[in-house]
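Below you'll find the structure, written out as structure tokens, and then a few comments.
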Amino acid sequence: MAGIGAQIEADLSPSALSAQQFRTIAWLRWRIFANSMRRKGAVGELVAKILSYPLLALMVFGPATGAGFASYYLVSRNMDAYLAIPLWIIVVLWQFIGVSTSASGPSFDLTSLVRFPLRYRDYLLMRLSFGLMDPPTLAGTACLIAMSLGIAIASPALFPWAALCLLVYAVCLILFARMIYTWTERWLAQRRTRELFTGVLLAVSLGFQFVAQYAQKIGDRHHAPPSPFLLKLRTFWWPSTGCCRPDSRQHR
Amino acid sequence: MNAAISTTGLTRRFGDFVAVQNVNLHVAPGQFYGFLGPNGAGKSTTIKMLTGLLAPTSGSIQVLGLDFAAHAIEVKRQIGVVPEGLALFGRLTASEYLRFVGQMYGLDRATTLQRSEELLEFMNLAGETKKLITDFSHGMQKKLALAAAVIHGPKILFLDEPFEGVDAIAAGTLKQMLQGMIARGATIFLTSHVLEIVERLCSHIAIINRGELIAEGSIEELRAGVHTQSDSHDPSALLTLEEIFIRVIGKQDGVEGPQAEQELSWLG
Chain W
366 MAGIGAQIEA DLSPSALSAQ QFRTIAWLRW RIFANSMRRK GAVGELVAKI
416 LSYPLLALMV FGPATGAGFA SYYLVSRNMD AYLAIPLWII VVLWQFIGVS
466 TSASGPSFDL TSLVRFPLRY RDYLLMRLSF GLMDPPTLAG TACLIAMSLG
516 IAIASPALFP WAALCLLVYA VCLILFARMI YTWTERWLAQ RRTRELFTGV
566 LLAVSLGFQF VAQYAQKIGD RHHAPPSPFL LKLRTFWWPS TGCCRPDSRQ
616 HR
Chain C
16 MNAAISTTGL TRRFGDFVAV QNVNLHVAPG QFYGFLGPNG AGKSTTIKML
66 TGLLAPTSGS IQVLGLDFAA HAIEVKRQIG VVPEGLALFG RLTASEYLRF
116 VGQMYGLDRA TTLQRSEELL EFMNLAGETK KLITDFSHGM QKKLALAAAV
166 IHGPKILFLD EPFEGVDAIA AGTLKQMLQG MIARGATIFL TSHVLEIVER
216 LCSHIAIINR GELIAEGSIE ELRAGVHTQS DSHDPSALLT LEEIFIRVIG
266 KQDGVEGPQA EQELSWLG
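Spelled out as structure tokens, the structure:
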């Protein structure tokens, strides 16, 4: 026990200490992952995860290819204003992947590192770098890169501006997602808000059931004729099948 | 001589609620300082502010002569903390956790490994090197948290309820270690509800209630203060820390002595 209560022997420079801390946290993440394999059924979980990677890759490359082609098509036909559509789809995708992969893999709470002599700048960098490696950010970034490539192919002169705008857009989405997570976490940390939230969820789910039943009753009572558009669509879709044609009784 | 810990007007608010109000502490180097108070008095909030886990709303903190806000890194390298929730990483083994903590404090690998072995041996955890922390008992986790808090040889150690849920044998090990640290010149700042242990270990006590510091000094000074304030005191009677605590808190709350005698008469 020679070291206890003695002078601190470590006299690293701040930059050397930062580098060591980054390495140590990377090592910590690795050990947490490796030790998680010691649980019963952990190997099976790992295999399932590895098998799900192609699906995840499809979830990333599919929308990215789509976004790239869409932006090429829209810019090459001077329909730049419609670029908002793929951008909105990316926002939804970003949030959807975030929800569907939020529970994947063992990790740790980065806020527990605050007690160590960690520079605020390093702590922020660590949070950001670990945050950037999550599936939603990777997928969203891939889509935005594909969009900027699509724009560049359609109109090379637009590329620098498009890249700058999409970079700002990506930063905003990352910060927006972080803000929502932090706010929700903080908000749900209080018992009263948790209870309120549960109550609202319950009311909404019950409300949906009432609305569905009410709508069904009204639907049974009033057999409104289908809209002309639907009638045309059905005729177009099933031109030769009599059974699927619009009900002739409605038009008598 | 610089105080080991000193605070001036330390205040922390959570919305409208004032958890800690205008606390002025002075802990001399080498003191075993007990920080007491009933549940919700503001002990943990104070310790979180003193260790940099929570920013004060107002007031200042000086640790070893350094302003905490301006020199947070230097201060954190010289203090050790056993937080209320222990903050261990359950998916590591004990030796992995100690290695992680040692290297986060800037120790080289060889020193970390050597100290880890010594600490695990001292804490009777040397036989549990393969076990994950999540499988440890509460007492074992407390011992490990204490080992991690001292691996870098801190000059000041902050302990938030270190004896809560710990059996007599583990408590004995912890006490032995803490006394050894004091003998080597370290300063210990401790919060605990186990007043017998505080009375035996601590040289100085502070009592906080409803966020305000209401008594501070050595046990003799607190005892003298209670005797002076009491109308029917018997100078020959030596009050225990528990009696002092109840009287001091009871006086502030307007309740002299335990309330239980007047209430819950239906309990039989």
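Protein chains in written order, with my numbering: chain W, 366 to 617; chain C, 16 to 283. Glycine included, each C-beta is placed from N, C-alpha and C at the ideal position. In this text the structure is predicted, and so the values were computed from the model without any measurement.
Straight-line Cα distance separating residue j from residue i
{"i": "A85(C)", "j": "R486(W)", "result": "14 angstroms"}
{"i": "V96(C)", "j": "R559(W)", "result": "31 angstroms"}
{"i": "L254(C)", "j": "Y48(C)", "result": "19 angstroms"}
{"i": "V619(W)", "j": "V38(C)", "result": "Nothing about residue 619(W) can be reported from this structure: the residues present for chain W run from 366 to 617 only."}
{"i": "A2(C)", "j": "M138(C)", "result": "With chain C covering only 16 through 283, there is no way to say anything about residue 2(C)."}
{"i": "P53(C)", "j": "I261(C)", "result": "10 angstroms"}
{"i": "A435(W)", "j": "R551(W)", "result": "38 angstroms"}
{"i": "D123(C)", "j": "K170(C)", "result": "19 angstroms"}
{"i": "A185(C)", "j": "Q191(C)", "result": "10 angstroms"}
{"i": "L228(C)", "j": "V42(C)", "result": "14 angstroms"}
{"i": "L79(C)", "j": "E231(C)", "result": "20 angstroms"}
{"i": "G74(C)", "j": "G45(C)", "result": "24 angstroms"}
{"i": "S467(W)", "j": "W281(C)", "result": "Note that S467(W) scores 47 on pLDDT, short of 50, meaning its location in the model is unreliable; the coordinates nonetheless yield the value given after this. Rounded to the nearest angstrom, the two C-alpha atoms are 52 angstroms apart."}
{"i": "A34(C)", "j": "L68(C)", "result": "15 angstroms"}
{"i": "I516(W)", "j": "P428(W)", "result": "16 angstroms"}
{"i": "Q578(W)", "j": "G572(W)", "result": "10 angstroms"}
{"i": "F83(C)", "j": "F173(C)", "result": "15 angstroms"}
According to DSSP, residues forming a beta bridge with residue i
{"i": "Q77(C)", "result": "S21(C) and D82(C)"}
{"i": "N224(C)", "result": "E227(C)"}
{"i": "R28(C)", "result": "V33(C)"}
{"i": "D150(C)", "result": "Per DSSP, none; premise fails for D150(C)."}
{"i": "I203(C)", "result": "F47(C) and L172(C)"}
{"i": "V97(C)", "result": "L174(C)"}
{"i": "L42(C)", "result": "Sequence check: residue 42(C) is Val here, not Leu. Answer is I20(C)."}
Nearest-angstrom Cβ-Cβ length linking residue i and residue j, presumed shorter than 8 angstroms
{"i": "G121(C)", "j": "L377(W)", "result": "5 angstroms"}
{"i": "A528(W)", "j": "G505(W)", "result": "Actually they do not touch by this definition, with Cβ atoms about 15 angstroms apart."}
{"i": "A519(W)", "j": "G433(W)", "result": "With 8 angstroms as the limit, A519(W) and G433(W) do not qualify as a contact, their Cβ atoms being about 10 angstroms apart."}
{"i": "I148(C)", "j": "G105(C)", "result": "5 angstroms"}
{"i": "L452(W)", "j": "D445(W)", "result": "In fact, because the Cβ distance is near 12 angstroms, the residues do not count as touching under 8 angstroms."}
{"i": "S152(C)", "j": "L135(C)", "result": "Actually they do not touch by this definition, with Cβ atoms about 15 angstroms apart."}
{"i": "M71(C)", "j": "T23(C)", "result": "It should be noted that the sequence gives Pro, not Met, for residue 71(C). In fact, because the Cβ distance is near 10 angstroms, the residues do not count as touching under 8 angstroms."}
{"i": "L189(C)", "j": "F178(C)", "result": "7 angstroms"}
{"i": "L128(C)", "j": "R114(C)", "result": "7 angstroms"}
{"i": "C389(W)", "j": "Q118(C)", "result": "The sequence as given places Thr at residue 389(W); Cys does not occur at that position. The pair is a contact, with the Cβ atoms about 4 angstroms apart (cut-off 8 angstroms)."}
{"i": "L51(C)", "j": "I222(C)", "result": "5 angstroms"}
{"i": "L306(W)", "j": "M491(W)", "result": "Residue 306(W) cannot be examined here, being either before or after the span of chain W that is shown, 366 to 617."}
{"i": "L509(W)", "j": "L531(W)", "result": "5 angstroms"}
{"i": "T108(C)", "j": "K145(C)", "result": "6 angstroms"}
Cβ neighbour criterion (16 or more within 10 Å) applied to residue i
{"i": "M196(C)", "result": "buried"}
{"i": "T60(C)", "result": "buried"}
{"i": "A381(W)", "result": "exposed"}
{"i": "Y418(W)", "result": "exposed"}
{"i": "A422(W)", "result": "exposed"}
{"i": "C537(W)", "result": "exposed"}
{"i": "A125(C)", "result": "exposed"}
{"i": "S469(W)", "result": "Reliability fails at S469(W), whose pLDDT of 47 lies under 50, so the model's placement of it is uncertain and the value that follows must be treated cautiously. It is exposed - the Cβ of S469(W) has fewer than 16 other Cβ atoms within 10 Å."}
{"i": "F541(W)", "result": "exposed"}
{"i": "E236(C)", "result": "exposed"}
{"i": "N443(W)", "result": "exposed"}
{"i": "P482(W)", "result": "buried"}
{"i": "M498(W)", "result": "exposed"}
{"i": "P501(W)", "result": "buried"}
{"i": "V565(W)", "result": "exposed"}
Beta carbons nearer than 7 angstroms to chain C: which residues of the region 474-485 of chain W have them? The residues in question are S477, V479, R480, F481, P482 and R484.
Mind checking the region 375-391 of chain W against chain C and listing, in chain order, the residues whose C-beta falls within less than 9 angstroms of any C-beta there? Of all residues in the region 375-391 of chain W, only A375, D376, L377, P379, A381, L382, Q385, Q386, R388, T389 and I390 come within less than 9 angstroms of chain C when Cβ atoms are compared, listed by chain position.
Residues of the region 98-115 of chain C with Cβ closer than 8 angstroms to any Cβ of chain W, in chain order: Residues of the region 98-115 of chain C with a Cβ closer than 8 angstroms to any Cβ of chain W, in chain order: P98, A102, F104, R106, L107, T108, E111 and F115.
Between the region 131-147 of chain C and chain W, which residues of the former have a C-beta closer than 7 angstroms to a C-beta of the latter? Those residues of the region 131-147 of chain C that come within reach of chain W (Cβ to Cβ, closer than 7 angstroms) are E133, F137 and L147.
Which residues, in order along the region 558-572 of chain W, keep a beta-carbon less than 8 angstroms from a beta-carbon of chain C? Residues of the region 558-572 of chain W whose Cβ lies closer than 8 angstroms to any Cβ of chain C: none.
Closer than 9 angstroms, Cβ to Cβ, to anything on chain W: give me those residues from the region 76-91 of chain C, in chain order. Residues passing the 9 angstroms Cβ filter: A87, I88, E89, V90 and K91.
With 7 angstroms as the C-beta to C-beta threshold (strictly closer), list the residues of the region 251-263 of chain C near chain W in chain order. Within the region 251-263 of chain C, no residue places its CB atom closer than 7 angstroms to a CB of chain W.
Residues of the region 397-408 of chain W whose Cβ lies closer than 8 angstroms to any Cβ of chain C, in chain order: Taking 8 angstroms as the Cβ-Cβ cut-off against chain C, the residues of the region 397-408 of chain W that qualify are I397, N400, S401 and R403.
Taking any Cβ of chain W, which residues in the region 174-208 of chain C have a Cβ under 9 angstroms from it, in chain order? Residues of the region 174-208 of chain C whose Cβ lies closer than 9 angstroms to any Cβ of chain W, in chain order: M192, G195, M196, I197, A198, R199, G200 and A201.
Closer than 7 angstroms, Cβ to Cβ, to anything on chain W: give me those residues from the region 153-167 of chain C, in chain order. Listed in sequence order: V165 and H167.
Could you run through the region 18-47 of chain C and flag, in chain order, every residue whose CB is less than 7 angstroms away from some CB of chain W? Residues passing the 7 angstroms Cβ filter: none.
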